[in-house]
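Okay, so here's the structure we're looking at.
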Amino acid sequence: MRRRRRGAPARGRLDFRSMDDDASLDRLGSGKYLLVTTYRKNGTPVATPVWVVRDGDALGVWTVADSWKVKRVRNRADVLVGPCDVRGRPTGDQVPGTAEICDPATTARYRKLLIRKYRVVGLLTLFGSRLRRGLDGTLGIRITLTPGPPPGN
748 MRRRRRGAPA RGRLDFRSMD DDASLDRLGS GKYLLVTTYR KNGTPVATPV
798 WVVRDGDALG VWTVADSWKV KRVRNRADVL VGPCDVRGRP TGDQVPGTAE
848 ICDPATTARY RKLLIRKYRV VGLLTLFGSR LRRGLDGTLG IRITLTPGPP
898 PGN
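Below, the structure written as structure tokens:
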């Protein structure tokens, strides 16, 4: 059995501290789920797994317009993002970013990108959401990675 060197990431885990922004965006955008950590007004972090798409020099996520994560992003734009599984268990290190609520045109583009990436499951999910909430019931969040020290330092 091979031993990993001290300080190296565990097998299957991503170490974003050694990657440039474009590589980080590729890795995060190509994953099935993204763990977005937002902050309450008192500073308590809240992590949520969401679907993710690559949007040029940023990442795009889609969510319900009146969700708590949207309210937290409106109050405080700084977030942490990292890869995760469907249950929100991190599968790699988180990196800092800045989130912003998107306009309806960008949200519509994110819907198309989600259908292209997640195929039938994405189409059915978006269709069900449209029936339940209408087009105004969901919105996109654009996340731009920001340079900074790794979390915990």
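The numbers in the working numbering rise by one with no breaks, and the one at position 100 of the sequence shown is 847.
Every residue, glycine too, gets a C-beta built ideally from N, C-alpha and C.
Note that the structure is predicted; figures quoted are calculated from it, not measured.
- Judged by their CB atoms, Gly-869 and Val-811 are not nearer to each other than the 9 Å cut-off.
- Sixteen is the threshold: when 16 or more other Cβ atoms of the shown chains lie within 10 Å of the Cβ of Gly-807, as they do, the residue is buried.
- Counting C-beta atoms within 10 angstroms of its own C-beta, Ala-846 has 16 or more neighbours from the protein chains shown and is therefore classed as buried.
- Separation of the CB atoms of Leu-782 and Ala-770 is rounded to 18 Å, and the pair is thereby denied contact status at 8 Å.
- Taking 8 Å as the upper bound for CB-CB distance, Pro-837 and Gly-844 are not in contact here, some 15 Å apart.
- Taking C-beta atoms under 8 Å as the contact rule, Ile-848 and Ile-890 fail to qualify, at a distance of about 11 Å.
- Secondary-structure assignment with DSSP links Val-817 through no beta bridge to anything.
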